[in-house]
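Participant:
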Amino acid sequence: KAGVTQTPRYLIKTRGQQVTLSCSPISGHRSVSWYQQTPGQGLQFLFEYFSETQRNKGNFPGRFSGRQFSNSRSEMNVSTLELGDSALYLCASAGRTMEKLFFGSGTQLSVL
Amino acid sequence: AQKVTQAQTEISVVEKEDVTLDCVYETRDTTYYLFWYKQPPSGELVFLIRRNSFDEQNEISGRYSWNFQKSTSSFNFTITASQVVDSAVYFCALIRLSGGSYIPTFGRGTSLIVHP
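Listed in order, the protein sequences are those of chains A and B. Quick note on my numbering: the first sequence kicks off at 101 and runs consecutively. Quick note on my numbering: the second sequence kicks off at 58 and runs consecutively.
#1: State the Cα-Cα distance for the pair residue 167 of chain B and residue 63 of chain B, rounded to the nearest angstrom.
#2: What does residue 151 of chain B touch in chain A if you count any residue whose Cβ is under 9 Å from its own?
#3: Short of 9 Å Cβ to Cβ, which residues in the region 101-135 of chain B face chain A?
#4: Can you name the residues of chain B whose CB is closer than 7 Å to the CB of residue 204 of chain A?
#5: Compute the distance between the beta-carbons of residue 145 of chain B and residue 96 of chain B, then report whether it is under 7 Å.
#6: Can you name the residues of chain B whose CB is closer than 9 Å to the CB of residue 150 of chain A?
#7: Determine the chain A residues that contact residue 82 of chain B at a beta-carbon separation under 8 Å, and present them in chain order.
#8: Would you grab the beta carbon distance between residue 173 of chain A and residue 122 of chain A for me? Rounded to a whole angstrom, and I think it's under 8 Å.
#9: So, for residue 113 of chain B: in the same chain, excluding its five sequence neighbours on each side, which residues have a beta-carbon less than 8 Å away from its beta-carbon?
The following block contains the structure:
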């Protein structure tokens, strides 16, 4: 079974631009969640989707948004990028045992 | 609010030494899950163990063992006879049900460096 796949692996953007990150969950998993990892704040929950519906959202500004498609693939979008958005963005999927999260390798975003 | 504290920022040991990673948590929930994840340089978080709040049984898996003590709100992780491949950042997480989904709260991680 293929694991959680995140693309791209690395991204370099400049301030003010927007970016879209992609996450393909493990086959059969319907829950996808996103996390931001920075040296200063650690790992923080962004949001979680299940069957195309956002069920929970962390404490992040509205510039951070996401969506989930009918095949459970998910995208995360950050608009008007700021330097502080530089981080490793991790995606995780969960199946029937919903508290057990399987993580992808992340997208390393650098904002210049 | 939930909180997970990993007081050890970095631990450095020599191969074959035993090492214990500490995790202390705070929650008002009676039902929750505790996890340990390993993050190698590749970036992905690798699942190591899950415990629910009603299961205080300790567990051993090869060189890994976990000690869950509800009375002290701790869920410590011991690696016996450490190896260079154990070098990674280890995260303790508390996961609770909120609004229909499971939301993790992570500790800040402990960087383990195992020297040959």
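For glycine and all other residues, C-beta sits at the position ideal for the given N, C-alpha and C.
Facilitator: For this structure:
#1: For the purposes of this step, residue 167 of chain B is identified with residue 110 of the second sequence, where counting begins at 1. For the purposes of this step, residue 63 of chain B is identified with residue 6 of the second sequence, where counting begins at 1. Near 7 Å, if we compare the C-alpha coordinates of residue 63 of chain B and residue 167 of chain B.
#2: Counting from 1 along the second sequence, the entry for residue 151 of chain B is found at position 94. Neighbours of residue 151 of chain B in chain A, taken as residues whose beta carbon is under 9 Å from its own, are absent, since the nearest beta carbon is some 10 Å off.
#3: Those would be 101, 102, 103, 104, 107 and 109, in chain order.
#4: For the purposes of this step, residue 204 of chain A is taken as residue 104 along the first sequence, with counting starting at 1. Contacts between residue 204 of chain A and chain B, judged by CB atoms closer than 7 Å, involve 101 in chain order.
#5: As a first step, residue 145 of chain B must be located in the second sequence, where it is residue number 88. As a first step, residue 96 of chain B must be located in the second sequence, where it is residue number 39. Taking 7 Å as the cut-off, the Cβ atoms of residue 145 of chain B and residue 96 of chain B count as close.
#6: Residue numbering aside, residue 150 of chain A sits at position 50 when the first sequence is read from its first letter. Near residue 150 of chain A (Cβ distances below 9 Å), the residues of chain B are 157 and 158.
#7: Here residue 82 of chain B refers to the residue found at position 25 when the second sequence is read from its first residue. Per Cβ cutoff of 8 Å: no residues; residue 82 of chain B is ~14 Å from chain A at best.
#8: For the purposes of this step, residue 173 of chain A is taken as residue 73 along the first sequence, with counting starting at 1. For the purposes of this step, residue 122 of chain A is taken as residue 22 along the first sequence, with counting starting at 1. Correct: roughly 7 Å between the Cβ atoms.
#9: Taking the first residue of the second sequence as 1, we reach residue 113 of chain B at position 56. Short of 8 Å from the beta carbon of residue 113 of chain B, and not among the five residues preceding or following it, lie these beta carbons of its own chain, in chain order: 125, 126 and 127.
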